[in-house]
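Data first, discussion second: the structure below is written as structure tokens.
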Amino acid sequence: MEENELNHFSIPHLLHIEMTYSCNAKCFFCYNPSRNSPIDYEQILKLVKSVAKSKVPHVYLIGGEPSLLEVEKLNNYIDILSSDSSLTIVTNGLKYMDGLSSDLACLGVAIHGDAKTQEWLSGIKGGYDRTVENVKRYVKDGFDVRCIPVLTSKNYDQIYDIIKLAKELGMESVFVDKFEIGGMGLDMAGQLKPSLEQFKISLDQMIKARDDFNIPVGFGTAIPYCLDERLIKENMFANCGVGVTFAAVNPNGDFRICNQSEIVYGNILEESVEEIWNKKDIEQFRNLKWANEPCKDCVLLTECTGGCKVDLSCSSTYCIDYHIRENREELVSIEKVEKLWKEHEKEYERKLEDVEVPEEYREFFVDKCTKLNNSHKEKYVVTRYQTVVVNDEVYKIVEEILNGLQDEEAILEKFSDDFKPDELRKLLSQLETIEAIHTKKIKSVDWEITRDCNLECKHCITSSPIKIEYRGLGQIIRVINKLCDIGLEEISFTGGEPLTYPYLKELLEYLEYKDLSARFITNGTMLTEELLESIKDCVSEIGISLDGTAKNINDSIRGEGSFEKVMKSIELLKNKGIPFSLYFTMHKKNNDIEDMIKFSKEVGAEYCKINEITQRGRALKNSDLFTDVEYEIPDGEKISEKCDLDNHQFFINPCGDCFPCVELSQNGGYSIGNVFEDDLNKIYERLNSYVKKNSGQECPYTIWRSDKYATICTNNKLNCCGDE
Numbered sequence: 007m008e009e010n011e012l013n014h015f016s017i018p019h020l021l022h023i024e025m026t027y028s029c030n031a032k033c034f035f036c037y038n039p040s041r042n043s044p045i046d047y048e049q050i051l052k053l054v055k056s057v058a059k060s061k062v063p064h065v066y067l068i069g070g071e072p073s074l075l076e077v078e079k080l081n082n083y084i085d086i087l088s089s090d091s092s093l094t095i096v097t098n099g100l101k102y103m104d105g106l107s108s109d110l111a112c113l114g115v116a117i118h119g120d121a122k123t124q125e126w127l128s129g130i131k132g133g134y135d136r137t138v139e140n141v142k143r144y145v146k147d148g149f150d151v152r153c154i155p156v157l158t159s160k161n162y163d164q165i166y167d168i169i170k171l172a173k174e175l176g177m178e179s180v181f182v183d184k185f186e187i188g189g190m191g192l193d194m195a196g197q198l199k200p201s202l203e204q205f206k207i208s209l210d211q212m213i214k215a216r217d218d219f220n221i222p223v224g225f226g227t228a229i230p231y232c233l234d235e236r237l238i239k240e241n242m243f244a245n246c247g248v249g250v251t252f253a254a255v256n257p258n259g260d261f262r263i264c265n266q267s268e269i270v271y272g273n274i275l276e277e278s279v280e281e282i283w284n285k286k287d288i289e290q291f292r293n294l295k296w297a298n299e300p301c302k303d304c305v306l307l308t309e310c311t312g313g314c315k316v317d318l319s320c321s322s323t324y325c326i327d328y329h330i331r332e333n334r335e336e337l338v339s340i341e342k343v344e345k346l347w348k349e350h351e352k353e354y355e356r357k358l359e360d361v362e363v364p365e366e367y368r369e370f371f372v373d374k375c376t377k378l379n380n381s382h383k384e385k386y387v388v389t390r391y392q393t394v395v396v397n398d399e400v401y402k403i404v405e406e407i408l409n410g411l412q413d414e415e416a417i418l419e420k421f422s423d424d425f426k427p428d429e430l431r432k433l434l435s436q437l438e439t440i441e442a443i444h445t446k447k448i449k450s451v452d453w454e455i456t457r458d459c460n461l462e463c464k465h466c467i468t469s470s471p472i473k474i475e476y477r478g479l480g481q482i483i484r485v486i487n488k489l490c491d492i493g494l495e496e497i498s499f500t501g502g503e504p505l506t507y508p509y510l511k512e513l514l515e516y517l518e519y520k521d522l523s524a525r526f527i528t529n530g531t532m533l534t535e536e537l538l539e540s541i542k543d544c545v546s547e548i549g550i551s552l553d554g555t556a557k558n559i560n561d562s563i564r565g566e567g568s569f570e571k572v573m574k575s576i577e578l579l580k581n582k583g584i585p586f587s588l589y590f591t592m593h594k595k596n597n598d599i600e601d602m603i604k605f606s607k608e609v610g611a612e613y614c615k616i617n618e619i620t621q622r623g624r625a626l627k628n629s630d631l632f633t634d635v636e637y638e639i640p641d642g643e644k645i646s647e648k649c650d651l652d653n654h655q656f657f658i659n660p661c662g663d664c665f666p667c668v669e670l671s672q673n674g675g676y677s678i679g680n681v682f683e684d685d686l687n688k689i690y691e692r693l694n695s696y697v698k699k700n701s702g703q704e705c706p707y708t709i710w711r712s713d714k715y716a717t718i719c720t721n722n723k724l725n726c727c728g729d730e
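Numbers given in the working numbering equal positions in the sequence shown, counted from 1, plus 6.
Next comes the structure, spelled out in structure tokens:
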């Protein structure tokens, strides 16, 4: 058989910097040789500057425990590295890093099981609750937080629950690290090493949880492809990239191709990363002569490389994975693995080749973590989580998009000499697939954040207040982050009464942090000076609901005292300089449209919106007030009786169900998916399809605009269920 050899890139795509071995946990499985080491900031700075000089695409700042470092120092290291590298910090989560730089791409936090298991494995009583609370804080701070449990014989049957918890906390993904035998873990190998049967049970749970909770799930360490057919079938295979794309540096600057390896190939304080990486000495690993049967003759040796290659119980150099060595008779056959891999490659190529190109032209943008790197032999597009090798032409295209050329037609014109239009549009779609660029798909959402309310208005279409089970703040922030990945620019929160939602202030602050436009529509009775002072910089506008221009008219619908509270709120809004608009609902006592427009102008509203009642919810019990309302439309332009839905906007109800418009959400119409459970790109595809089918069809509302100030929405008493 032809000799196998690993081909490596000119620089590691991922480098771990072990900044310190100091740690505040006592994990049994850790490879860390010295938890009580002092923190040497001067030495860390030298390591960081050396790595920054080599422009490694992805860098993990790990330990020991990096949270023990001063946050100001950490932020300085992030600042030095982030211009050329996508950065992740890996932490046990026991200590919260307050004020951590937003230039960080990801935080990896270890949750290994339930409280009892976590605290036994880490040796820290009460550590589970501290870690969970700190994850919540990191998610609230806007970080992509990844859950990184270590799979052992003690938690193999808790993986499903770990992933469920990660989803509930708003973590972005779960990547499981199989226990490997190194460092202190060597002494505990007999207790912690999962059996092959236990591994398969954990794989069962990973696949089920991935599908049940719609969260990315995979392995963070190398797993032999022959342990289970589903590793390839379910796209759950993993290779760590040791010696090909991955390396590590310890606190002294010693360079190894794996954290757990004891073989040192140089020191980055004496030689550059690329000089050490390209030394002939590393051929002792890359020539694969250490690989024995059954890996030696496997056609996937250079792909799988025998699972984890570092096991101090087996060899002082390199060896194949312990699950292969100990379960030779239970492995998937080489022939079967080869067949599965060929099928996988065909499917991958088919998906890349059949990538969708929409009819309409697109507007592109790039993530803040996307970078270009041409400092090495290869040219790289560096995304938040990937290093992608590209040719000169693709590099130039991404460079132009980064520099502001984001309109697809303009891109086609710019590169017309190099590409045919169809060819370039397909290439742009492929760049989307690898997340090098994004299309602006959803720009605005209306989010019914709650159905709870402090009033019981007679016309309420949802009969609020209604108590329902809501998703946590972390999950909502995670959805907002994913919406940003497809172009989100604005959110409008509705209800119920949004101010009854306990985390509205935090959400508004988060939207300000994300530089998104935010507004909400309220009944105006819960606004306080303290609240408005705290959110005045977070909102672009606040909508206020009224049902009359006089106290007796409004309060007959909304309840005694509500008019006076709203008028006080309007004064507060004007004093704080917060723009506001008024929303009226017409009824028999309040059918003078001109009076409502005049009133809105007098109190200083930006505009007013006037709606005819929708006969649903509590309005059905008070039909005498709302049926056969007579009114006159002032002189104005009739805009449309046709559906004019926008394929860049949709409505979300409190459960996360999405609809092309609010009307469809209220009458059992066509749901296009759920933001907590479904892929947002799929939701967009359904929205786009719905809009194409229904645009121009008869709509249950006629929209008028009066004096370019008021929008008047009249109910034609049609029942819009839409055409799916």
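Beta carbons: idealized from backbone N, C-alpha and C, even for Gly.
{"query": "DSSP bridge partner residues for Ala716 (one or two, in chain order)", "result": "Cys614, Ser712"}
{"query": "Candidates Lys447, Val180, Gln392, of which the one nearest Leu805 by Cα", "result": "Absent from the model: residue 805. The displayed extent of the chain is 7 to 730, so no value can be given."}
{"query": "Asp218, enclosing beta strand (DSSP E) - first and last residue", "result": "Careful: Asp218 lies outside any beta strand (DSSP E), inside the alpha helix (DSSP H) at 202-219."}
{"query": "Given Arg262 as reference, the closest of Pro18, Ile559, Glu515 once Cα atoms are compared", "result": "Pro18"}
{"query": "Per DSSP, cross-strand counterpart(s) of Ser754", "result": "Outside the displayed range of the chain (7 to 730) lies residue 754, so it cannot be described from this structure."}
{"query": "Asp413: first and last residue of the uninterrupted alpha helix (DSSP H) it sits in", "result": "From DSSP, Asp413 is part of no alpha helix (DSSP H); its letter is neither H nor E."}
{"query": "Straight-line gap, Ile1 to Ala716 (C-alpha atoms, nearest Å)", "result": "Since the displayed the chain opens at 7 and closes at 730, residue 1 lies outside it and no answer follows."}
{"query": "Residues near Ser107 by beta carbon distance below 6 Å, same chain, minus five either side", "result": "Asn81, Ile84"}
{"query": "C-alpha gap between Val138 and Glu178, whole angstroms", "result": "14 Å"}
{"query": "Segment contact, 8 Å Cβ cut-off, at least three pairs: the segment 95-107 with the segment 67-81", "result": "yes"}
{"query": "Closest by C-alpha distance to Gly662, when choosing among Ser677, Ser91, Leu74, Leu127", "result": "Ser677"}
{"query": "Reduced DSSP secondary structure (H/G/I, E/B, other) of Ile472", "result": "coil"}
{"query": "6 Å Cβ shell around Lys377 - same chain, five flanking residues per side excluded", "result": "Val388"}
{"query": "Distance CB(Leu294)-CB(Leu306) smaller than 8 Å", "result": "no"}
{"query": "Stretch-stretch touch, CB-based, cutoff 8 Å, three pairs: the segment 352-368 with the segment 318-334", "result": "no"}
{"query": "For Thr26, three-class secondary structure by DSSP", "result": "coil"}
{"query": "Exposure of Ile474, with buried meaning 16 or more beta-carbon neighbours within 10 Å", "result": "exposed"}
{"query": "Other residues of its chain near Phe682: CB distance less than 7 Å, five sequence neighbours each side excluded", "result": "Arg477, Gln481, Val485, Gly662"}
{"query": "Beta bridge counterpart(s) of Ile548 as assigned by DSSP", "result": "Phe526, Phe586"}
{"query": "Which of helix, strand or coil DSSP assigns to Gly224", "result": "strand"}
{"query": "Euclidean distance between Cα positions of Gln49 and Phe219", "result": "43 Å"}
{"query": "Spatial neighbours of Asn10 in its chain, beta-carbon cut-off 6 Å, leaving aside the 5 residues before and after", "result": "Leu294, Leu307, Thr308"}
{"query": "Runs of alpha helix (DSSP H) wholly within the segment 257-327 (minimum 4 residues, chain order)", "result": "279-283, 289-292, 307-310"}
{"query": "Environment of Thr323 [buried if 16+ CB atoms lie within 10 Å]", "result": "exposed"}
{"query": "Segments of 4+ residues assigned as alpha helix (DSSP H) that fall wholly inside the segment 328-376", "result": "328-332, 340-359"}
{"query": "Counterpart residues of Gln655 in DSSP-defined beta bridges", "result": "Ser450"}
{"query": "Contact check, Gly105 vs Ile483, beta carbons under 8 Å", "result": "no"}
{"query": "Beta-ladder partner(s) of Asn245, from DSSP", "result": "Answer is none; Asn245 lacks a bridge partner."}
{"query": "Beta strand (DSSP E) segment containing Tyr66, residue limits", "result": "64-68"}
{"query": "Rounded distance between the beta-carbons of Leu157 and Lys184, thought under 8 Å", "result": "5 Å"}
{"query": "Three-way DSSP call (helix, strand, coil) for Asp663 in this model", "result": "strand"}
{"query": "Residue burial classification, Thr227 (beta-carbon count within 10 angstroms, cutoff 16)", "result": "buried"}
{"query": "Enclosing beta strand (DSSP E) for Val250 [first to last residue]", "result": "Neither: Val250 is in no beta strand (DSSP E) and is coded neither H nor E."}
{"query": "Proximity of Ala442 and Val394 at Cβ, strictly below 8 Å", "result": "yes"}
{"query": "Under the three-state DSSP convention, the category Thr445 falls into", "result": "strand"}
{"query": "N- and C-terminal bounds of the beta strand (DSSP E) containing Lys131", "result": "Run containing Lys131: none; DSSP gives neither H nor E here."}
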